[in-house]
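Participant:
4 protein chains.
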Amino acid sequence: MIKYDKEIRVAALIGKYRSPDVAGSLRALSVFLREHGVNVLIEEGTAEAVGAEGFEIASYESLGLAADVAIVVGGDGTMLHSARRLAEFDVPLVGVNLGRLGFMTDIAREDMLSGIQQLLDGRFTAERRILLDAEVLRGGQRVFQTLALNDVVVNKGEIGRMIELKVEVDGEFLYVLRADGMIVATPTGSTAYALSANGPILQPLVAGIAVVPLCPHALTNRPITISDESRVDLTLVAPHDGRVHFDGQARFDARAGDCVRIGRSSHSITLLHPPGYSYFAMLREKLHWSAAPKH
Amino acid sequence: MIKYDKEIRVAALIGKYRSPDVAGSLRALSVFLREHGVNVLIEEGTAEAVGAEGFEIASYESLGLAADVAIVVGGDGTMLHSARRLAEFDVPLVGVNLGRLGFMTDIAREDMLSGIQQLLDGRFTAERRILLDAEVLRGGQRVFQTLALNDVVVNKGEIGRMIELKVEVDGEFLYVLRADGMIVATPTGSTAYALSANGPILQPLVAGIAVVPLCPHALTNRPITISDESRVDLTLVAPHDGRVHFDGQARFDARAGDCVRIGRSSHSITLLHPPGYSYFAMLREKLHWSAAPKH
Amino acid sequence: MIKYDKEIRVAALIGKYRSPDVAGSLRALSVFLREHGVNVLIEEGTAEAVGAEGFEIASYESLGLAADVAIVVGGDGTMLHSARRLAEFDVPLVGVNLGRLGFMTDIAREDMLSGIQQLLDGRFTAERRILLDAEVLRGGQRVFQTLALNDVVVNKGEIGRMIELKVEVDGEFLYVLRADGMIVATPTGSTAYALSANGPILQPLVAGIAVVPLCPHALTNRPITISDESRVDLTLVAPHDGRVHFDGQARFDARAGDCVRIGRSSHSITLLHPPGYSYFAMLREKLHWSAAPKH
Amino acid sequence: MIKYDKEIRVAALIGKYRSPDVAGSLRALSVFLREHGVNVLIEEGTAEAVGAEGFEIASYESLGLAADVAIVVGGDGTMLHSARRLAEFDVPLVGVNLGRLGFMTDIAREDMLSGIQQLLDGRFTAERRILLDAEVLRGGQRVFQTLALNDVVVNKGEIGRMIELKVEVDGEFLYVLRADGMIVATPTGSTAYALSANGPILQPLVAGIAVVPLCPHALTNRPITISDESRVDLTLVAPHDGRVHFDGQARFDARAGDCVRIGRSSHSITLLHPPGYSYFAMLREKLHWSAAPKH
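See the structure below:
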C-alpha cells in the first residue's frame, strides 16, 4: 500500500446517522484538529444529530469539494453511506469505530486522537476500492441509478418464493437463475453479505466482481468471480417482480422485464489506514481465524 | 478474445498418454495437415503409443522450438500435461476431445478436421492462461520446482488425519490452517478440483489465484481469492509431513518444516478456440446450467 | 414400505389450483374410476376451475370424511396444498404429475390410467410423512396456527437486511441467529427450499427436523437436525419484524417479540407410491446423480 | 436425559495414550476415589505411561467386566479409543479434559474432584450414543471388522486423485460417487470430521447416520442423513484402491472391488454428564455461537 502524506488542511467529520452519542467523539476530534491547525467541517445531517454549536456545517457536496480528508465516526454502515455520497469527489476516508473494529473502520475509539495524530504526521497508507455503478433499465430507458461500495442485491419482492433472473455478462448469456436472488459484490463487499451466501472472499486488490446466487434452486449455480471490467445484466423474467438493494441502504422496486445493469464505476474511493494496518489481520480478527501455530 | 491468424507451417501432434486408440485420429490429422502444406511433428511418447511409421518424431523440447501450434488429442488431463511441458516455449495449444467436451478441449472428435480447417483459415481466437510456479524450500534451499496450469495441492501424507499449514501471502501471515490440505488454483483450475472443495469459479481473465482449504477444522476458513501478483507460502508445521500435487500429475513428498512457495509463473500458455467458442457456454454445458428461461 | 391394499370405493380428485388444463385428465380419471365401480368426488375449487358438469362436488372437509384416496393432479405445490387441507383426515394421497416428475408426484401423466389400475389392484405401497404444527405466540397468546408438510420459514420482512432470532429447542437456548431467516423443514421439505440453503437431505424415515439458517452472519451457524419429538421456538428479537411462510403457501406477518413455535403435528399424511417407486431413484433423477459406474 | 444414580464401587481410570503428564491427575483421582470407598483399576497401557506404582492394573477386558464407571482423562481422541474398546461391556464413560473442553470430555481438569464427587452423589445424567459396526467384504468374505463411535471414512489411497464408490443403502442403489472419499458418521461424529466436509450436525438423539461426500466431483452430491437402522455399502469401483479409517484411529487398506459395509452396532455406549451439562451449550462454546441477544 502507498504512503499517504498529503498535507491536511481541512477535515470533514461525519457521524453515525441520527446518533447523538457520537457528539463527544466529534467534539474531541474537532478540538484536537483545530489545535493542530486543521479547519473542521461537519456534515449537516451529523450536525443535526449532535448539535451544531461551534461547528462549521457543510453539505456532502460542499465538504466533498473542500475537505482533504473525511473522518467517519461510526461503523461500517456509516462508512458505506459516506463512501457513496463522496464517491464523485476525491476525498479519502478514515474510519473510527465506536464499538469493536469493523471491516472498514480500523481505528478504535480509544485510539482516535493518537490515530489522527499519525494521520497528520503523514504516516497513514492509502488504498483504492472500486465502487459499482448500477442502473435499472425499463424498456431500454434508465429509471434508476446509484453507486454501491459493497454490493447490489436483486431479490424476490413481496410476493412469491423465488425470482427468475436472466444473467448476462458483457452481453453474453450466462444462465437463467431461479433463486431467492443474486448478489453482485465488490471485493469490499465480498466480506459482507456475499460471504454469508457462500461467496468467495476477494482480496481488495483483485480486480474482480463476485456474482453470488442466493439460495439457487440448481445446486450447481455456484458463485463466479468475473473481471471488474465486465458488465453484468440481471433481467427479471416475468412474472416475477423483484427488489434491488444497494449496500443495504438504498432500494428500488423493479418489475418483471426490468434489467439491472451493474459494472465498475468510473469513481473509486480511497481508504486511509493507520500504521500497522493489515487486511489479513483484520480478516483474522473478524472471522476468528487462528493467530498462530499451537506449538 | 483476440483473433489468431498467424500462419501455421509446422503443427505438433500430441496424443493422450499411452493410448493407442488416438492413432486413427492422429493419422487423419496428419494426412489432412500435409495436404494443406503443413509440416507435422509427432511427440515422441505419443509416437511410441500409436506407432511411429510415417511420422516425424520430436521431443517436447524440439517441437516446442519448431511448432507453430500443438494439437492435443485427448482430454483435459492431456492438455494439462502438454501445457506444463510446453510452457517455456511460445506454442499455442488446441484441444481435440475424444469423448464429451472438456473444460479445455473444445473441439469434438467428429468436428476435428473442419475445426482444423478453420484454424488454418485464421478463424480461431487466442486466450492467455496463467501458470503457477511452485517450489519447495527446505532449510531455505529449493529442493523441488515445477509448473502447474490448474493447481498446487498440499495435503496430508500417509499418516494422520490432518495437516497444519502456516499460510503467508507476500510474506504476511494469514493464518494457520488445520485441515486435510490446501488447494492453490489458477482461474483455469478453479473449475477443476478446487470447485469440488467449494472454491469460487474465476473467469479466466480475472487476475486472481484461489486459495481453497480442504475440509478445514475451523468453519470460518473460507476460500480467498488473492491477486495473481501475490506469492503464497504454505509451511508444514511440525510434526506433520505432507504431499504436494501439481495438476494431479506430479507429486513431491514434503516434510515438516518445508515451505511450498507458489506464485504466477513468468510463462503463460495460449489456448486457441474455434469460432463460436464461449467460456460461459462451456460452463453451462459442464455444470448443467439452465440454457434459457422456461417461458 | 408397506403394501397398500385397502379397497377403494370412493376416490376424490383434486386438480392444480385454478388450472383449467387439468380438466381432460380429471375427466378421463373420473370415467375410468366409475367404470371400475369407484365413486368419484371432485374438490369444489377444482370443479370451479375445470367445470363442474357431471361431477359430484365436495369440499375438502366432505371428501376428507368420505374418500378412500385422494388423487392429486398437478405438481408438488398441489400436493403440499392438498396434504395440509387433508391432514386431519386419514385419506392417503396419490400424485399425478402434469409435467416432469416431482418429489411427491410420482405418476407421469401418460401412465395415469395404468397407474390407477395398479392402485385399484392393491399394488401400491404406503409411506407416512410427518407434518409440522406451527403457531405464532404473541404475549403468550396464540395468534396464528397452521400445518406444513415441507417447511416453516421465518424471514426478514419489508424493512431491513436481516433479522435476529432467539432459537430454543425444547425450551433450551440454542443461539441467537442474525441472518436472512431460518428454515425449519421436515424430511419431505429437506429436498425443497432447505436444500438450496445448504440444508441436509433427510431420508423420509429419519425421525428428524432440519433447522437451517438462511445466510447467517456467523459462518459457524450450520444446519442442525433435531429429533422430530423436539419443539423449536423462534423468537423475533426487537426491533426486527419478520414474515412466516408455511410451505411457501400461507403467510403470517410477525412482529418483534412474537414467538414461532414449531413441532411435529399429531397428524401425518400417507403418500401412496406405484410399484417400482424408489425414493433414491427419484432423488437421482431430480438431482442429476450418476446412474451407474462408467465401466 | 436420564439421572444416573447407580452405586459406584469400582472405577476404572484411563489416561491419554502414552502421556506421562496425566499421572498427577490420575493419582489425585485415585486417592480421592479410595477415600470415598471406591475401588480403583487402572488401564494397563495407561499404567505403562504413568507408572504403575500403587495402582491395580487391568486390561480393557478386565475393567470392562469389573468397573461401574470408566473415568477417561485426556481429550476426545482418548474418549473415542476407550469407547471402542469398552463398547461390548456396559461401562459408562466420564470424560475429564486436560485442555479446553471437548465435544465429549465435559469436565474441566480443575473441576475434576468436585465433578467426581457429584458423580458419586448420583447427580450425573446418562446419555446413550450409537456406534457404527463396519466390515470390509472381499469376494463376499469378511476381511476386516471394527467399531467406530465417530465415523468410518473411505478415501483415496496412495495413488490417484479420486476414488469411485458405488453407494447402496439397504441394498438399494443410491449413486456412484466420484470424490476424494466418503464419510459415514454417527450423530457423535457429525460434529467432528464430517462437519468440516459440510456435513449436517445431528443432535445425538436423532436416530440417523450422516453420509457425507468428500469433495465430490458432482456438485449435487450433497450430504444425506439416513435412518440408523439402514445399512450403507460402499464398493470401490475398479481401478481404484482406497483406505478405510475408523474414528481416525484404525485403518484398513482396501482394494478395488472391496465393499465397506456400515450399520449401527448392536452395542452402544453411555456417556455420563455432570449436572448442568447441555449439548447445545457445548456446541455454542465449541462453534463460537452467540451467547445471547445483543440487547
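Protein sequences appear in the order of chains X, D, V and Y.
Mapping of the first sequence onto our numbering: position 31 corresponds to residue 31, and the numbering continues sequentially without gaps.
Mapping of the second sequence onto our numbering: position 274 corresponds to residue 274, and the numbering continues sequentially without gaps.
Mapping of the third sequence onto our numbering: position 242 corresponds to residue 242, and the numbering continues sequentially without gaps.
Mapping of the fourth sequence onto our numbering: position 128 corresponds to residue 128, and the numbering continues sequentially without gaps.
Glycine included, every Cβ here is placed at the ideal spot set by N, Cα and C.
Please report how far the alpha carbon of V:F144 lies from the alpha carbon of V:R255, in whole angstroms.
Facilitator: Cα-Cα distance, rounded: 12 Å.
Participant: For X:S62 versus X:V72, is the C-beta distance shorter than 7 Å?
Facilitator: Contact: no.
Participant: Which two residues bound the contiguous beta strand (DSSP E) that contains X:T78?
Facilitator: No beta strand (DSSP E) contains X:T78, which is instead part of the alpha helix (DSSP H) from D76 to L86.
Participant: Pull up the CB-CB distance for D:I224 and D:L131, whole angstroms please, since I reckon it's below 8 Å.
Facilitator: That belief does not hold up - the Cβ atoms of D:I224 and D:L131 are roughly 20 Å apart, past 8 Å.
Participant: I want to see whether chain Y comes within less than 7 Å of D:H36, judged by CB atoms only; does it?
Facilitator: Closer than 7 Å: no.
Participant: Whole angstroms are fine: how far does the CA of X:I14 sit from the CA of X:K3?
Facilitator: Spanning the two alpha carbons is a distance of roughly 24 Å.
Participant: Taking C-beta pairs closer than 8 Å, name the residues in chain Y that D:P216 reaches, listed in chain order.
Facilitator: Within 8 Å Cβ-Cβ: S196.
Participant: What does Y:L219 reach in chain X if we use C-beta pairs closer than 8 Å?
Facilitator: Correct list: L219, T220 and R222.
Participant: Just list the residues that DSSP pairs D:H273 with in beta bridges.
Facilitator: DSSP lists D:T125 as partners of D:H273.
Participant: Note down the Cα distance separating Y:V91 from Y:L149, rounded to an integer number of angstroms.
Facilitator: In a straight line, the C-alpha of Y:V91 is about 15 Å away from that of Y:L149.
Participant: Give the straight-line distance between the Cα atoms of V:G102 and X:A185, rounded to the nearest whole angstrom.
Facilitator: If I take the Cα positions, the gap works out to 34 Å.
Participant: Excluding the five sequence neighbours on either side, which residues of its own chain have a C-beta within less than 7 Å of the C-beta of Y:N97, listed in chain order?
Facilitator: Here the set comprises G75, T105, I107, A108 and R109.
Participant: Taking the C-alpha atoms as reference points, what is the distance between V:C215 and Y:L65?
Facilitator: Approximately 50 Å between the Cα atoms of the pair.
Participant: Would you mind telling me which residues of chain X sit closer than 8 Å to V:R161, beta carbon to beta carbon, in chain order?
Facilitator: In chain order: Y193, H245 and G248.
Participant: Compute the Euclidean distance between the alpha carbons of X:V232 and D:D133, then round it to the nearest angstrom.
Facilitator: Each residue's alpha carbon lies about 32 Å from the other.
Participant: Could you spell out where the alpha helix (DSSP H) holding D:K286 opens and where it closes?
Facilitator: Looking at the DSSP string, the run of the alpha helix (DSSP H) that includes D:K286 is Y279 to K286.
Participant: At the 7 Å Cβ level, is X:L236 part of the contact set with chain D, yes or no?
Facilitator: X:L236 does not count as touching chain D.
Participant: Using three-state DSSP, classify D:E43 as helix, strand or coil.
Facilitator: Residue state, collapsed to three classes: strand.
Participant: Using the Cα positions of V:S266 and V:D180, report the straight-line distance between them to the nearest angstrom.
Facilitator: Looking at the two C-alpha atoms, the distance is approximately 30 Å.
Participant: Ends of the alpha helix (DSSP H) at V:W31?
Facilitator: Looking at the sequence itself, residue 31 of chain V is Val, so the reference to Trp does not match. Counting along the chain, the alpha helix (DSSP H) containing V:V31 begins and ends at A23 to E35.
Participant: Alpha carbon to alpha carbon, how far is X:T235 from X:G139? Give it in angstroms, no decimals.
Facilitator: When rounded, the distance between both Cα atoms is 11 Å.
Participant: When DSSP labels each residue in this structure, what does Y:V50 get in the three-state scheme?
Facilitator: Reduced to three states, the DSSP call for Y:V50 is helix.
Participant: D:A207 touches chain X at which residues, Cβ-Cβ below 9 Å?
Facilitator: By Cβ distance, chain X contributes V206, A207, G208 and S227.
Participant: Tell me the DSSP secondary structure of V:Q141 in three-state form.
Facilitator: In this structure, V:Q141 counts as strand in the three-state DSSP scheme.
Participant: Suppose you measure from the CA of X:G263 to the CA of Y:G276; what does that come to, to the nearest Å?
Facilitator: Using only the alpha carbons, I get a separation of about 55 Å.
Participant: Out of X:L202, X:A58, X:L147 and X:E164, which has the shortest C-alpha to C-alpha gap to X:F280?
Facilitator: Closest by alpha carbon: X:L202.
Participant: Using the Cα positions of Y:L287 and V:T220, report the straight-line distance between them to the nearest angstrom.
Facilitator: For Y:L287 and V:T220, the distance between alpha carbons rounds to 6 Å.
Participant: With DSSP collapsed to three states, give me the class of D:T191.
Facilitator: In the structure shown, D:T191 sits in a helix (DSSP, three-state: H, G or I).
Participant: Can you have a look at Y:E229 and say buried or exposed, based on whether 16 or more other CB atoms are within 10 angstroms of its CB?
Facilitator: Its Cβ having fewer than 16 others within 10 Å, Y:E229 is exposed.
Participant: Put Y:G208 into one of helix, strand or coil per three-state DSSP.
Facilitator: In this structure, Y:G208 counts as strand in the three-state DSSP scheme.
Participant: What does the alpha-carbon distance come out to for the pair X:Q249 and Y:D258?
Facilitator: Straight-line Cα distance between these residues: approximately 58 Å.
Participant: Rounded to whole angstroms, what's the CA-CA distance from Y:F55 to Y:A194? Just pull it up for me.
Facilitator: Approximately 39 Å between the Cα atoms of the pair.
Participant: Measuring only between beta-carbons, confirm whether V:H267 sits less than 7 Å from chain D.
Facilitator: Not closer than 7 Å to any Cβ of chain D, the Cβ of V:H267 fails to qualify, so no.
Participant: Using 8 Å as the Cβ pair cut-off and three pairs as the minimum, do the region 111 to 125 of chain V and the region 45 to 59 of chain V touch?
Facilitator: Flag = no, the region 111 to 125 of chain V and the region 45 to 59 of chain V do not touch.
Participant: Please list the partners that D:H288 has in chain X, where partner means a Cβ-to-Cβ separation under 8 Å.
Facilitator: Going along chain X in sequence order, the residues near D:H288 (Cβ under 8 Å) are A218 and T220.
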